[in-house]
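See structure below.
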Amino acid sequence: MKKVALITGASSGIGKELAKIHAEKGGDLIIIARREEKLNALKAELEDKHGIKVMTLVKDLSQPGIAKEIYDDVKSAGVTVDYLINNAGFGLRGKYHELSWERQQQMMQLNMIALSEMIYQFLPDFVARNSGRILNTSSTASLMPGPLQAVYFATKAYVTFLSNGLAEELHDTNVTVSNLMPGATETEFAKTSGMDKTELFNKTFSAKSVAIDGYYGMLSGKLDIISGVTFGQKMMMNMIPLTPKKMLLKQMRKMQEVK
3 MKKVALITGA SSGIGKELAK IHAEKGGDLI IIARREEKLN ALKAELEDKH
53 GIKVMTLVKD LSQPGIAKEI YDDVKSAGVT VDYLINNAGF GLRGKYHELS
103 WERQQQMMQL NMIALSEMIY QFLPDFVARN SGRILNTSST ASLMPGPLQA
153 VYFATKAYVT FLSNGLAEEL HDTNVTVSNL MPGATETEFA KTSGMDKTEL
203 FNKTFSAKSV AIDGYYGMLS GKLDIISGVT FGQKMMMNMI PLTPKKMLLK
253 QMRKMQEVK
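Here it is, written out as structure tokens:
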């Protein structure tokens, strides 16, 4: 039986690559993003190439209440979701008090509230039938504070902690929650967040490689999936608990300053 994956933020980057991987495995899709043209192009490509069914929903998850709309649309279409992949998100670089409050609020809505509500809508169905997999795209940024991306880092810490907490709540079911933690990745994120001119994005990994790690990590029920980091970055991550916080904050600030 074909598995249905619902993917938010599917019009580009990691989300688009996750959709391609699922389609290659013969699964049907519900793909969600704001950009209708890109969604329709991806739908046509995947249906033609893999003979699957793709449902598109043009939604802006940075607006309150959209997750409930998505759930209702899916139920009305009579589709059962097997994999819920919360990938939509964005970041902003700059000093907290200088950035637009409206944009920061939208970021919190998208990165945290919409993701939480998507899970809240679909999880009862997963539990009722005792099957389903959830993959949330967090970030290695969730492991530390992030000067010049203070709100973004905080939202991703929320995603990581929520994912891990839910995974344990569901320990006695066949429902799993996995947390994808990419490092610097070749997506539109770098340009839209202003990170493309910083030291942190000197070395990037392909969205496809991160998506592969995330997808198969989800299938295996892995708790945390770290992907797209160099050996040096892995060493730095391991040192975070041992590094004095003021030193860590200074290092992170310098890495996120424009070169």
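In our numbering, the protein residues as written are 3 to 261. From the three backbone atoms N, C-alpha and C, an ideal C-beta is built for every residue, glycine too.
Presumed contact (8 Å Cβ cut-off) between residue i and residue j, rounded CB distance
i	j	result
Tyr154	Met109	7 Å
Ile16	Ala209	5 Å
Met120	Ala69	5 Å
Met183	Ile228	5 Å
Asn88	Thr10	6 Å
Ala79	Leu48	About 17 Å separates the two Cβ atoms, so there is no contact after all.
Proximity test, residue i beta-carbon vs the ligand COA heavy atom, cut-off 8 Å
i	result
Met109	The ligand COA is absent from the structure shown, which contains no ligand whatsoever.
Exposed unless 16 or more other CB atoms sit within 10 angstroms - verdict on residue i
i	result
Asn138	buried
Asn240	exposed
Ser165	buried
Phe124	buried
Thr245	exposed
Glu26	exposed
Gln258	buried
Gln151	buried
Thr19	Before going on, a small fix: residue 19 reads as Glu here, not Thr. With 16 or more other Cβ atoms within 10 Å, it is buried.
Asp50	exposed
Val260	exposed
Leu86	buried
Met126	The question names Met, but residue 126 in the sequence shown is Pro. Classification for Pro126: exposed.
Beta-carbon contacts of residue i that lie in its chain and below 6 Å, excluding the five residues immediately before and after
i	result
Thr162	Ser140, Ser144, Asn181
Leu168	Val179
Met114	Thr157, Tyr160
Leu101	Leu94
Simplified DSSP state of residue i, which is helix, strand or coil
i	result
Met109	helix
Gly29	coil
Ser208	strand
Met146	coil
Ala102	Position check: residue 102 holds Ser in this sequence, whereas Ala was assumed. Three-state DSSP puts Ser102 in coil, outside helix and strand.
Asp174	coil
Val129	helix
Val231	coil
Asp75	helix
Ala213	helix
Thr157	helix
Leu94	coil
Cutoff 8 Å; reference residue i; Cβ partners in own chain excluding five residues on either side
i	result
Val129	Leu172, Thr175, Val177
Leu112	Leu63, Ser64, Ala90, Gly91, Phe92
Leu221	Arg135
Cut-off 7 Å between Cβ atoms - residues of its own chain near residue i, not counting five sequence neighbours on either side
i	result
Arg37	Ser13
Lys4	Gly28, Gly29, Asp30
Thr58	Ile33, Leu41, Asn42, Lys45
Bridge-paired residues (DSSP) for residue i
i	result
Tyr85	Ala7, Arg135
Ser180	Leu137
Lys226	The sequence as given places Asp at residue 226; Lys does not occur at that position. Per DSSP, Asn181.
Thr58	Ile33
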